[in-house]
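K.L.:
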Amino acid sequence: MAGVNKNIVILISGSGSNMAAIVETSVTQRWQDRFGARVVAVISNKAGAQGLAWAGEQGIATRALDHTRFGSREAFDAALMAEIDRHEPALVVLAGFMRILTPGFVQHYEGRLVNIHPSLLPAFTGLKTHQRAIDMGCRVAGATVHRVTSELDHGEILDQAVVPVVPGDTAETLAARVLTQEHLIYPRALERLLAA
Ligand code: GAR
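Per the working numbering, the very first residue in the sequence shown carries number -6; after that it's consecutive.
Encoded structure:
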């Protein structure tokens, strides 16, 4: 990936455990020294997102942009883009950012926008992935890191992790098992992009 400063902006909506895993890996794996890469900002569409407070404690710039205060999806995305672009990001990382993005947003960040989805794509795009996997009788489940295109949960697959579905699993127990793997594959996929 060309350029000297590879600023990373992470978008979250909730607990931000993937974001924290990425920030921690960026420090332990010395992304700044090795790639000139740093997580410079964490932005949430929810002011109360737990992850925002954690990011702030790490000295990372944080910002909440409440989507309910905007009249349209386009208006929110325009404001979000303005906020992101202040940081001139090399990568925009969706980490549990629970918003459907407008085509204009996706095009603007083409080649720089990545997401993690809690299923083995192309299976189970959309919501309630774990319950749907259990209901279908899947023996395995997992997570996928992928590039973002204007089609929801499509785009080139960058990494995947597989976990077993075990008898008695609920959506919650399966989600917890998948999440531990998300914390490994998301930083790993980003590191590969930074090194390329
Ligand atoms: C993660 O499981 C992530 O894969 C999922 O939300 C969770 C966020 O957890 N993302 C989606 O469902 C996107 N459609 P986190 O806030 O602790 O990282």
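Where is the CB? At the ideal position from N, CA and C, for every residue including glycine.
1. Relative to the C-alpha of I3, which residue among Q25, P157 and A57 is closest?
2. Can you find the residues in the same chain that come closer than 6 Å, C-beta to C-beta, to S19, ignoring five residues on each side of it along the sequence?
3. Is the Cβ-Cβ distance between L113 and A136 less than 9 Å?
4. Under a three-way DSSP split, which group does D191 fall into?
5. Along the chain, which unbroken stretches of the alpha helix (DSSP H) at least 4 residues long are found entirely within the segment 54 to 99?
6. Given that a residue counts as buried once 16 or more other Cβ atoms are within 10 Å of its Cβ, and exposed if not, what is P180?
7. What separation, rounded to the nearest whole angstrom, lies between the Cα atoms of H176 and F63?
8. Can you tell me which of the three DSSP states T142 falls into?
9. What first and last residue would you give for the beta strand (DSSP E) that runs through P221?
10. Tell me whether K121 is buried or exposed, calling it buried when 16 or more other Cβ atoms sit within 10 Å of its Cβ.
11. Taking the alpha helix (DSSP H) that H147 belongs to, which residues open and close that run?
12. Would you say H147 and T118 are within 9 Å of each other, going by their C-beta atoms?
P.N.:
According to the structure shown:
1. Numbered from its first residue, the sequence shown carries residue 3 at position 10. Selected option, being the one with the closest Cα: A57.
2. The residue labelled residue 19 in the question sits at position 26 within the sequence shown. Within the same chain, S19 has close Cβ partners V32.
3. Taking the first residue of the sequence shown as 1, we reach residue 113 at position 120. Taking the first residue of the sequence shown as 1, we reach residue 136 at position 143. Cβ atoms of L113 and A136: closer than 9 Å.
4. Residue numbering for the chain in the displayed model covers -6 to 189; residue 191 lies beyond these limits and cannot be assessed.
5. 66 to 78
6. For the purposes of this step, residue 180 is identified with residue 187 of the sequence shown, where counting begins at 1. The residue is buried, with at least 16 neighbouring Cβ atoms inside 10 Å.
7. Counting from 1 along the sequence shown, the entry for residue 176 is found at position 183. Counting from 1 along the sequence shown, the entry for residue 63 is found at position 70. Rounded to whole angstroms, H176 to F63 spans 32 Å at the Cα level.
8. Position 149 of the sequence shown holds residue 142. Residue state, collapsed to three classes: coil.
9. Residue 221 is absent from the model: the chain starts at -6 and stops at 189.
10. As a position in the sequence shown, residue 121 is number 128, starting the count at 1. Exposed, since its Cβ has fewer than 16 Cβ neighbours within 10 Å.
11. As a first step, residue 147 is located in the sequence shown; it is residue number 154 there, counting from the start. Careful: H147 lies outside any alpha helix (DSSP H) and carries neither H nor E.
12. On the sequence shown, position 154 is the one that residue 147 refers to. On the sequence shown, position 125 is the one that residue 118 refers to. A contact, by the Cβ cut-off of 9 Å.
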